[in-house]
Amino acid sequence: MKLPSLNTQILIGAIVGLVLGWSASVAELPMQDASLYVAGLVGTLFVDLLKMILIPLVFSSIAVGIANLSQHKQMNRVWVSTLLFFVSSMTLAIVLALLAGSYFKPGVGLHLALFERAMQNFTAKQMSVGEFFAQFLHGLFVNPFSALASGNILAVVMFALFLGVALVVGGERYINVRQLMQELLDITLRMVNWVMTLAPLGIAALLFKLAATQDLAVLQSLVKFVVVVIGTLLLHGVVILPLILYAFTKKSPLWFWRGARDALVTAFATSSSAATLPVTLRCVTQNLQVKSEIGGFVIPLGATINMDGTALYEGAAALFVANLVGIDLNLAQQLIIFMTAMLAAIGAPGIPSAGMVTMVMVLQSVGLPAEAVAILLPIDRLLDTVRTTVNVEGDMVGSLVVQKLVERS
Ligand code: ASP
């Protein structure tokens, strides 16, 4: 019997995981604990495998990407259009969040007293915007061996950028290192293909666990906020980003989603843009016809700094907390939220719930209680799924748009 394509298997895995997990949460299934244990084991194993390949992949793909790009003398255009795209799409995302928050006002009428206990037991790490920025900048340049060993992606990206540029400047002299990097990239991509055969099972396990362990009571009390956030994220992911894609490349959303589906489902299941990166890179280069030198540059960089979903969430959550404590934010304060949300999204690493940590800074920037993060924590696993999916979608759309802009020149 011929198995369905991997793409279809992944989709089936996702649906089976969600349905079984949901059934387990409403009806006590026999061997509930055992099945949760097994699902946890399999899901974590899949994420571990992706993370294992991640660092060599990021390192080699950026170095090779730069080295190949500069041959065509297009480096400047790629740089500039990539950064411009990242900033513009995140700007749109935050503006959407602020508009939706001001219109629907989630949090108004909810009593903070309801959440007092959660907030009392939570101590937020205090950090001002200035400190956050300094720490971010400081974290960019790190001993590459320590960054590689500890999985510090941002620092690895930075070193790989330097290495790529040095390889270009050195030209023929460093031909061996360049070839070594190219082979390292080929080998890691081969390993990604192996890991992907486990994806249907891994994704089913992750989604089973997610659906089976949702706390429905907490969800109900915050339902308006959850609906507004997910609705705005969907608006950005299903309408705005595809419109941008169409405007620049004339590619249809259906074509895009078909090619991007594996990465989107993996992002949803893992809640980690970093863990999804190997799959994202595979999707854009194999299915979406992005040249490997463009994808190899835009995707790893995007996975670390371009986070539309997180930016949107930070803005929405700040307005929610303001409503909850009964503060009416004026335009200047909303502008501060806009800027800190952008910084928080750029600075958040692509791991689960990273946005929650940087959220503290956004709240503090306008004097909102950082402890309110405690209210958002119980629903974060759920919201993280959708915002990570939008983060990854933004990176993939970005690589297509940048490719088009470079071709035009
Ligand atoms: N989990 C998100 C990501 O990996 C970051 C966040 O917490 O918003 O993209």
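Going by my numbering, the first residue of the sequence shown is number 15, and it counts up by one from there.
Each residue gets a CB set at the ideal place from its N, CA and C atoms; glycine is no exception.
Is any beta-carbon of chain B found at less than 8 Å from that of VAL406?
Checking the listed chains, one finds no chain B in this structure; it contains a single protein chain.
Between the stretch 379 to 392 and the stretch 164 to 176, are three or more C-beta pairs nearer than 8 Å?
no
Under 7 Å Cβ to Cβ from PRO366, same chain only, skipping five residues before and after it: list those, please.
What you label residue 366 is simply residue 352 of the sequence shown in a count that begins at 1. Excluding residues within five positions, the ones whose Cβ falls inside 7 Å are SER285, SER286, ASP398.
Where in the stretch 139 to 190 do unbroken runs of the alpha helix (DSSP H), each at least 4 residues long, occur, reported from the N-terminal end onward?
143 to 152, 158 to 164, 167 to 184
Just the C-alpha distance for GLY340 and SER116, rounded to the nearest angstrom, thanks.
Position 326 of the sequence shown, counting from 1, holds the residue named residue 340. Position 102 of the sequence shown, counting from 1, holds the residue named residue 116. Each residue's Cα considered, the two are about 13 Å apart.
Quick one: measure Cβ to Cβ for ASN320 and MET104, integer angstroms, because I've assumed they're closer than 8 Å.
The residue you call residue 320 lines up with position 306 of the sequence shown. The residue you call residue 104 lines up with position 90 of the sequence shown. Right, their Cβ atoms sit about 7 Å apart.
Would you say the beta carbon of PRO366 comes nearer than 7 Å to a heavy atom of the ligand ASP?
On the sequence shown, residue 366 is found 352 positions in, with the first residue counted as 1. Yes, the Cβ of PRO366 comes within 7 Å of a heavy atom of the ligand ASP.
6 Å Cβ shell around ASN301 - same chain, five flanking residues per side excluded
Taking the first residue of the sequence shown as 1, we reach residue 301 at position 287. If we look at ASN301 and ignore the five residues flanking it on each side, its Cβ neighbours are GLY273.
Please return the same chain residues whose Cβ sits closer than 6 Å to the Cβ of PHE60, not counting the five positions on each side in sequence.
Sequence index remark: in the sequence shown, residue 60 carries index 46 (1-based). Contacts found: LEU212, GLY216.
Which same chain residues, not among the five before or five after PRO120, have their C-beta less than 7 Å away from its C-beta?
Taking the sequence shown and counting its residues from 1, one reaches residue 120 at position 106. Within the same chain, PRO120 has close Cβ partners LYS238, PHE239, VAL242, PHE334, ASN337.
Taking the CB atoms as reference points, tell me whether VAL78 and LEU199 lie closer together than 8 Å.
By one-based count along the sequence shown, residue 78 stands at place 64. By one-based count along the sequence shown, residue 199 stands at place 185. A contact, by the Cβ cut-off of 8 Å.
Count the other C-beta atoms from every protein chain shown that fall within 10 angstroms of the C-beta of ARG192, then say buried if there are 16 or more, exposed otherwise.
Looking up residue 192 in the sequence shown gives position 178. Its Cβ being crowded by 16 or more others within 10 Å, ARG192 is buried.
In whole angstroms, what is the alpha-carbon distance linking ILE80 and VAL182?
Taking the first residue of the sequence shown as position 1, residue 80 is located at position 66. Taking the first residue of the sequence shown as position 1, residue 182 is located at position 168. Taking the straight line joining both Cα atoms gives about 8 Å.
Segment limits, alpha helix (DSSP H) that includes ILE319
Within the sequence shown, residue 319 is the residue found at index 305, counting from 1. 306 to 319 is the extent of the alpha helix (DSSP H) around ILE319.
Just tell me which of THR290, VAL252, ALA161 has its CA closest to the CA of SER266.
Here residue 266 corresponds to residue number 252 of the sequence shown, with the count starting at 1. Nearest of THR290, VAL252, ALA161 to SER266, Cα basis: VAL252.
Cβ atoms of VAL279 and ILE24: under 8 Å apart, would you say?
The sequence position of residue 24 within the sequence shown is 10, counting from 1. The sequence position of residue 279 within the sequence shown is 265, counting from 1. Yes, they are a contact pair.
Give me the residue from VAL416, ASP409, GLU307 with the minimum Cα distance to LEU83.
The residue labelled residue 83 in the question sits at position 69 within the sequence shown. Of VAL416, ASP409, GLU307, the residue nearest in Cα terms is GLU307.
Measure how close the beta-carbons of MET356 and ALA325 come, nearest whole angstrom, since I'm counting them as under 8 Å.
The sequence position of residue 356 within the sequence shown is 342, counting from 1. The sequence position of residue 325 within the sequence shown is 311, counting from 1. So it is a contact: roughly 6 Å between Cβ atoms.
Can you check whether the CB of ARG204 is closer than 8 Å to the CB of VAL420?
Position 406 of the sequence shown, counted from the start, is the residue given in the question as residue 420. Position 190 of the sequence shown, counted from the start, is the residue given in the question as residue 204. No.
Does the ligand ASP have even one heavy atom less than 7 Å from the beta-carbon of ARG395?
The residue labelled residue 395 in the question sits at position 381 within the sequence shown. No - the ligand ASP has no heavy atom lying nearer than 7 Å to the Cβ of ARG395.
In angstroms with no decimal places, state the Cα-to-Cα distance between ALA28 and LEU221.
In the sequence shown, residue 28 corresponds to position 14, counting from 1. In the sequence shown, residue 221 corresponds to position 207, counting from 1. One C-alpha to the other measures close to 7 Å.
Thinking C-beta only, is VAL374 closer than 8 Å to ALA218?
Within the sequence shown, the letter at position 204 stands for residue 218. Within the sequence shown, the letter at position 360 stands for residue 374. No, Cβ-Cβ distance for ALA218 and VAL374 is not below 8 Å.
Would a C-beta distance cut-off of 8 Å place ALA330 and THR402 closer than the cut-off?
Translated into the one-based positions of the sequence shown, residue 330 becomes position 316. Translated into the one-based positions of the sequence shown, residue 402 becomes position 388. Their beta carbons are not under 8 Å apart, which means ALA330 does not touch THR402 by this criterion.
Looking at PRO314: is its Cβ nearer than 8 Å to the Cβ of SER75?
Within the sequence shown, numbered from 1, the residue matching residue 314 stands at position 300. Within the sequence shown, numbered from 1, the residue matching residue 75 stands at position 61. In contact: PRO314 and SER75 (Cβ atoms closer than 8 Å).
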